[in-house]
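>
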Amino acid sequence: YINGGKIHFHSKRIGIKLLRIRNYSLSQIFKILQKFELLEQKDSPIYQTLEKVTHFRNRIHIYNWFDNFEINEKDVFTEKRLDELEKVLVYVISVMEVKYARP
Numbered sequence: 153y154i155n156g157g158k159i160h161f162h163s164k165r166i167g168i169k170l171l172r173i174r175n176y177s178l179s180q181i182f183k184i185l186q187k188f189e190l191l192e193q194k195d196s197p198i199y200q201t202l203e204k205v206t207h208f209r210n211r212i213h214i215y216n217w218f219d220n221f222e223i224n225e226k227d228v229f230t231e232k233r234l235d236e237l238e239k240v241l242v243y244v245i246s247v248m249e250v251k252y253a254r255p
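Given below as structure tokens:
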């Protein structure tokens with residue numbers, strides 16, 4: 153279970169219980185953002201847009217294992233798509249800066 157951001161883990165190999173930091177997938181993070189309305193209201197399309205952005209991220213990090221988009225890279229990363237990705241990134245950073253400003 154989660155305890156202050158850490159989860160209990162029982163290692164059968166060494167026979168002890170450990171506390172480990174939980175690693176969230178991007179999809180889980182987006183669900184948390186949506187659940188607590190950290191960017192916008194729950195029904196906002198920004199959360200679905202972020203899920204789509206994940207496909208680009210996956211394409212870069214794990215190639216085309218999941219058949220995200222076209223086969224050829226030149227057809228995937230078009231100027232139009234890159235502009236859209238840039239707008240999403242700027243939007244999220246702007247919202248975070250306004251709502252959750254650091255001193």
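As numbered in the working numbering, residues 153 to 255 make up the sequence shown, in order.
Glycine included, each C-beta is placed from N, C-alpha and C at the ideal position.
1. Report yes or no: do three or more beta-carbon pairs, one from the stretch 231–249 and one from the stretch 200–208, lie closer than 8 Å?
2. Taking the Cβ atom as the reference point for each residue, do Phe-218 and Asn-210 lie within a distance shorter than 8 Å?
3. Alpha carbon to alpha carbon, how far is Ile-184 from Asp-227?
4. Are the beta-carbon atoms belonging to Lys-194 and Gln-186 less than 8 Å from one another?
5. Please classify Ile-168: does DSSP put it in a helix, a strand, or coil?
Based on what the coordinates show:
1. yes
2. On the sequence shown, residue 218 is found 66 positions in, with the first residue counted as 1. On the sequence shown, residue 210 is found 58 positions in, with the first residue counted as 1. Yes, Cβ-Cβ distance for Phe-218 and Asn-210 is below 8 Å.
3. Taking the sequence shown and counting its residues from 1, one reaches residue 184 at position 32. Taking the sequence shown and counting its residues from 1, one reaches residue 227 at position 75. So the alpha carbons of these two residues sit roughly 32 Å apart.
4. Position 42 of the sequence shown, counting from 1, holds the residue named residue 194. Position 34 of the sequence shown, counting from 1, holds the residue named residue 186. Contact flag set, yes.
5. Along the sequence shown, one-based indexing puts residue 168 at 16. The answer is strand: DSSP assigns Ile-168 an E or B state.
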